[in-house]
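Trainee: In UniProt numbering, the protein residues as written are 1 to 767.
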Amino acid sequence: MSKEKPSEFKPYHHPAGGWGAAGATAKVLMEQSVLVKGSRGLLAMNQPGGFKCPSCAFPDPDHRKTLEFCENGAKALAHEATKARVTRDFFARHTVTELMQKSDYWLEMQGRLTEPMRYDAATDKYVPVAWDDAFAMIGRHLQALDSPHLAEFYTSGRTANETAFLYSIFVREFGTNNFPDCSNMCHEPTSRGLPPAIGVGKGTIVMADFEHAEAIFVIGQNTGTNSPRMMTNLVEARKRGVPIVLINPMPERALIRFTEPQDVLQMATFGSTPISSEFVHVRIGGDLAIFKGMMRALFEAEEQGERVLDLEFIARHTAGLDALRADVMGCSWAEITKVSGVSEEQIRRVAEIYKRSKATIICYGMGLTQHHEGSRLLQQLANLLLLRGNFGKPGAGIAPIRGHSNVQGDRTVGIDEKPTQIYLDRVRDAFGFEPPRAHGHHVVEAVEAMEAGTARVFIGMGGNFIRAVPDTDRSYDAMRSLDLTVGIATKLNRGHLVHGKDALILPVVARSEIIRTAAGEQFVTIEDAMANVTASRGVFEPVSEHVLPETEIVCRMAMATLPHSKTKWAEYMVDYGPIRDKIAEVYPEIYADFSEKIKNPKGFHLDIPPRRLVWTTPNGKANFLVFPGLEVNPVVADPAMLRLATIRSHDQYNTTIYSNSDRYRGVYNNRLVIFMNQDDMKDRGLESGAVIGLETYSDDGVRRYVDGLTVIDYPMSRGAIAGYYPELNPLMPLGFFDEISGTPAAKSVPVKVVASVASAVPIRIAG
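(1) Applying the criterion that 16 or more other CB atoms from any shown protein chain within 10 Å of the CB defines a buried residue, is residue 311 buried or exposed?
(2) Run through the DSSP bridge pairs and tell me what residue 311 is partnered with.
(3) Indicate the three-state DSSP secondary structure (helix, strand or coil) for residue 714 in the structure shown.
(4) Taking residue 458 as part of the beta strand (DSSP E), name the residues at either end of that continuous run.
(5) On a Cα-Cα basis, can you pick out the residue from 407, 71, 255 that is closest to residue 164?
(6) Return the first residue and the last residue of the alpha helix (DSSP H) that residue 167 is part of.
(7) On the DSSP bridge assignment, give the partners of residue 521 in chain order.
(8) Taking only three categories from DSSP, how would you classify residue 752?
(9) Count Cβ pairs between the segment 590 to 597 and the segment 610 to 628 that sit closer than 8 Å; are there 3 or more?
(10) Is it right to say residue 187 is buried, meaning 16 or more other beta carbons lie within 10 angstroms of its own, or is it exposed?
(11) Report all residues from its chain with a CB closer than 6 Å to the CB of residue 277; omit the five preceding and five following residues, and keep chain order.
(12) To the nearest angstrom, how far is the alpha carbon of residue 775 from that of residue 764?
(13) Closer than 7 Å by C-beta to residue 3: which residues in its own chain qualify, once you throw out the five before and the five after it? Chain order, please.
(14) Leaving out five residues before and five after residue 1 in sequence, what residues of the same chain have Cβ atoms less than 7 Å from its Cβ?
(15) Which same chain residues, not among the five before or five after residue 579, have their C-beta less than 7 Å away from its C-beta?
(16) Would you mind stating whether residue 673 and residue 712 have Cβ atoms separated by less than 8 Å?
(17) Run through DSSP, which three-state label would residue 373 get?
(18) If you measure between the beta carbons of residue 693 and residue 755, is that distance less than 8 Å?
(19) Evaluate residue 96 with the Cβ neighbour count: other Cβ atoms within 10 Å of its Cβ, from every protein chain shown; 16 or more gives buried, anything less gives exposed.
(20) For residue 757, count neighbouring Cβ atoms within 10 angstroms of its own Cβ and tell me buried if that reaches 16, exposed if not.
(21) Taking DSSP's pairing of strands, which residues face residue 128 in a bridge?
(22) Do you know offhand how far residue 24's Cα is from residue 98's?
(23) Does DSSP classify residue 223 as helix, strand or coil?
(24) Determine the closest residue to residue 523 out of 595, 506, 489, with distance taken between C-alpha atoms.
(25) State the DSSP-derived secondary structure class of residue 75, mapped to helix, strand or coil.
(26) Measuring only the C-alpha atoms, how far is residue 398 from residue 219?
(27) Can you name the start and end residues of the beta strand (DSSP E) that residue 506 belongs to?
(28) Note down, in chain order, each residue of its chain lying with its Cβ closer than 6 Å to the Cβ of residue 426, except the 5 sequence neighbours on either side.
(29) Do you know offhand how far residue 603's Cα is from residue 429's?
(30) Kindly indicate the opening and closing residues of the alpha helix (DSSP H) around residue 586.
(31) Between the segment 172 to 183 and the segment 484 to 498, do at least 3 Cβ pairs fall closer than 8 Å?
(32) Assuming residue 281 is part of the beta strand (DSSP E), what are its boundary residues?
(33) Could you check the C-alpha separation between residue 143 and residue 576 for me, to the nearest Å?
(34) Smallest Cα separation from residue 204: which of 666, 401, 656, 686?
(35) When the Cα atoms are used, what is the spatial distance from residue 80 to residue 47?
(36) Taking three-plus beta-carbon pairs below 8 Å as touching, is the segment 290 to 297 in contact with the segment 336 to 344?
If you want it as structure tokens, here you go:
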């Protein structure tokens, strides 16, 4: 936010995608000085024989084009392939205290890490360390713990299957199930909420289903920013006349109108496609009321003699319909409309769209999962689909649009703080040690353990844990109390600066780079959001001769920590084929013949039983599950309360900030903004451009406050506001989470506007 780049709000009225996306792609390649190299990499990204995008988890189409990437995928690659370097000279110039004053964007722009570094307390700087010495330090700290449960082992979604699997084996052989994972903060309600309903914590569709759907619902998900390649599927569906219903507390540009960058005619004529046929402007937390309103409309139509419910499907495959009907019919339309903020007329109209469709896909994102009752909310979504038999047939099913590439795969191959006993038995039989049986820590529990002194070591396999978690000040203090923190990463981030007494930064070979070992060139595998597993082979030379593949780092940590282990760490470190054989041994139902199946250039789908109308629930049925009432978040009585949703900008991926702008929402060079409904502004005497503070409603006696926020007049639903993550994480109490999954309720933080005492970046309001 420098003087050369003034802060501005200028509404974006153009279609998403199109020339804006093409220009942004070219710009980021030039900014990172990789126009030629990056262009070559983009030709190999998401292609057979190439590497999987390091950004989102959306699947590749069945019929691939020459170019299979989006604007944000290009940004991720450009920042990974950048010419900028963070060397020992960089660390010699900067103390950690100095670096803590820099923005997340500034840290990101410094470039790739090139060699292992160790924190030196005497100078407050990171200094070079030999790899052998780094592993020896990790081994000493872990061996010195009174209990293996005093260590926390974090995993980021970009970790490949082979690495994640070995990481889970290393940690369990060490003796704990403490696996706080990035999925704890996003789609864990999918993993925990859906199995009691449909038997699996994953989506049930494949890409071909978009071609057969007669209606598509997109709920709580900003597709054009978080999964831009999905826009192609939505554009093609709209061209076929398929209704697309968008349910969200704020309109998103890409779901209003979109230009397909690879459509030559649209690009040449500056054409575009309208996407949503119906926009439902729901209040934050009002989705449950809409779902129950739709179900009530279906039950009422059935009572009036219409054949609406799929009674044959329900009788054969489900249980619990009567209890669900009683619950839904007990919710009055007055209550439904009050909680949702949506009229009865519109809810009935949307229900009619659903009723007419013989095959419906419901897609959702963190706008549903990050609520206080996110897991149970998803169960109601499953109820809605079950009423019309929308499983196990072309064009129908539930589709969680996962974020990080391979976040789903990590869970599949063992990164789970609550492993099943069957899995643990198979680990015992395959590796010859008795794994721990007690549940471990998820993210919130890991931070609480740090605070309590019952965690002393933190190892982060990728990601930016400390910047992503809630309650920033409290979490920073907890992390700084540790004896050792280890960051395994490609880029410098805040997590390396908020560290323990001892700290290591271990640089890794990136997804787009070639993995070479003593056994030759290796590849890894990735599972996408629709359970398709494909090979990923980097095409660039590694950034430095001093970086190591993640799999080797895991193996060498294990060898340094477990000197008497019988696991073949030295073999797995150089040859990834035997790792895949062990995955197949532990997961025979889904990974049988792994090494053969992965030879298919398009990969292979893991078995998802609901696609076959098989329900792996205790009663062998899909279950209608009752969630009484209409509220998914605790009620705050104060009428001045607003519900804050933390969101990502278009130039952001998780905690990675590519720029301080958000093109589609019209914000330039400023991230300390709040999007607010005009009526909510008037109630508080505010105008666009006003500077405010926000304070959290909390009953734990802690004041959580963020100051210097500029208000932007934006078409939010009444009572809802939005602002950027992670800047607003200080407002989110650590204890405000979904009890079933442990996922922080980042989409519904209760806050109030208070006077600002801080100076803010002046912002020019245009249009």
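Yeah, the Cβ is synthetic: ideal placement off N, Cα and C, and Gly gets one too.
Mentor: Let me lay it out:
(1) Within the sequence shown, numbered from 1, the residue matching residue 311 stands at position 311. Flag for residue 311 reads exposed.
(2) Taking the sequence shown and counting its residues from 1, the one referred to as residue 311 is at position 311. Residue 311 is not bridged to any residue.
(3) Residue mapping note: residue 714 aligns to position 714 of the sequence shown, counting from 1. In the three-state scheme derived from DSSP, where H, G and I count as helix and E and B as strand, residue 714 is classed as coil.
(4) Here residue 458 is taken as the residue at index 458 of the sequence shown, counted from 1. First-last of the beta strand (DSSP E) with residue 458: 457 to 461.
(5) Here the question's residue 164 lines up with position 164 in the sequence shown. The residue with the shortest Cα to Cα distance from residue 164 is 407.
(6) Here residue 167 is taken as the residue at index 167 of the sequence shown, counted from 1. 161 to 174 is the span of the alpha helix (DSSP H), which, as asked, contains residue 167.
(7) Here residue 521 corresponds to residue number 521 of the sequence shown, with the count starting at 1. Beta-bridge pairing links residue 521 to 516.
(8) Residue numbering aside, residue 752 sits at position 752 when the sequence shown is read from its first letter. Residue 752 falls in the strand class under three-state DSSP.
(9) no
(10) Taking the sequence shown and counting its residues from 1, the one referred to as residue 187 is at position 187. The residue is buried, with at least 16 neighbouring Cβ atoms inside 10 Å.
(11) If you number the sequence shown from 1, residue 277 lands on position 277. For residue 277, where only same-chain residues beyond five positions count, the Cβ hits under 6 Å are 243, 244.
(12) Past the edges of the chain, shown from 1 to 767, lies residue 775, and the structure says nothing about it.
(13) On the sequence shown, position 3 is the one that residue 3 refers to. Because residue 3 sits at a pLDDT of 47, beneath the cut-off of 50, its placement in the model cannot be relied upon, and the following sentence gives the value as read from the coordinates. So no residue of the chain qualifies.
(14) To locate residue 1, count along the sequence shown from 1; it is residue 1. In this predicted model, residue 1 has a pLDDT of only 38, less than 50, meaning its place in the structure is not dependable enough to derive any value.
(15) Taking the first residue of the sequence shown as position 1, residue 579 is located at position 579. For residue 579, where only same-chain residues beyond five positions count, the Cβ hits under 7 Å are 162, 165, 166, 572.
(16) Mapped onto the sequence shown, residue 673 falls at position 673. Mapped onto the sequence shown, residue 712 falls at position 712. In this structure, residue 673 sits near residue 712, with a CB-CB distance shorter than 8 Å.
(17) Looking up residue 373 in the sequence shown gives position 373. Residue state, collapsed to three classes: coil.
(18) Along the sequence shown, one-based indexing puts residue 693 at 693. Along the sequence shown, one-based indexing puts residue 755 at 755. In contact: residue 693 and residue 755 (Cβ atoms closer than 8 Å).
(19) By one-based count along the sequence shown, residue 96 stands at place 96. Buried is the call here.
(20) Translated into positions along the sequence shown, residue 757 becomes position 757. Counting of Cβ neighbours within 10 angstroms places residue 757 among the exposed residues, the total staying below 16.
(21) Taking the first residue of the sequence shown as 1, we reach residue 128 at position 128. Its beta-bridge partners are 117.
(22) Position 24 of the sequence shown, counted from the start, is the residue given in the question as residue 24. Position 98 of the sequence shown, counted from the start, is the residue given in the question as residue 98. Each residue's alpha carbon lies about 31 Å from the other.
(23) Taking the sequence shown and counting its residues from 1, the one referred to as residue 223 is at position 223. Helix.
(24) On the sequence shown, residue 523 is found 523 positions in, with the first residue counted as 1. Residue 595 is the option with its Cα nearest to residue 523.
(25) Walking along the sequence shown from the start, residue 75 turns up at place 75. In this structure, residue 75 counts as helix in the three-state DSSP scheme.
(26) Mapped onto the sequence shown, residue 398 falls at position 398. Mapped onto the sequence shown, residue 219 falls at position 219. Residue 398 and residue 219: Cα-Cα distance of roughly 11 Å.
(27) Locating residue 506 in the sequence shown gives position 506, where the first residue counts as 1. Here the beta strand (DSSP E) through residue 506 covers 502 to 507.
(28) By one-based count along the sequence shown, residue 426 stands at place 426. Around residue 426: 586.
(29) Working through the sequence shown from its first residue, we reach residue 603 at position 603. Working through the sequence shown from its first residue, we reach residue 429 at position 429. Roughly 28 Å separates the two Cα atoms.
(30) To locate residue 586, count along the sequence shown from 1; it is residue 586. 577 to 586 is the span of the alpha helix (DSSP H), which, as asked, contains residue 586.
(31) The segment 172 to 183 is not in contact with the segment 484 to 498.
(32) Here residue 281 refers to the residue found at position 281 of the sequence shown. Run containing residue 281: 278 to 281, per the beta strand (DSSP E) assignment.
(33) Looking up residue 143 in the sequence shown gives position 143. Looking up residue 576 in the sequence shown gives position 576. Straight-line Cα distance between these residues: approximately 27 Å.
(34) Position 204 of the sequence shown, counted from the start, is the residue given in the question as residue 204. Here the closest residue by C-alpha is 401.
(35) Counted from its first residue, the sequence shown places residue 80 at position 80. Counted from its first residue, the sequence shown places residue 47 at position 47. Going from the Cα of residue 80 to the Cα of residue 47 covers about 18 Å.
(36) At 8 Å Cβ cutoff, the stretches touch.
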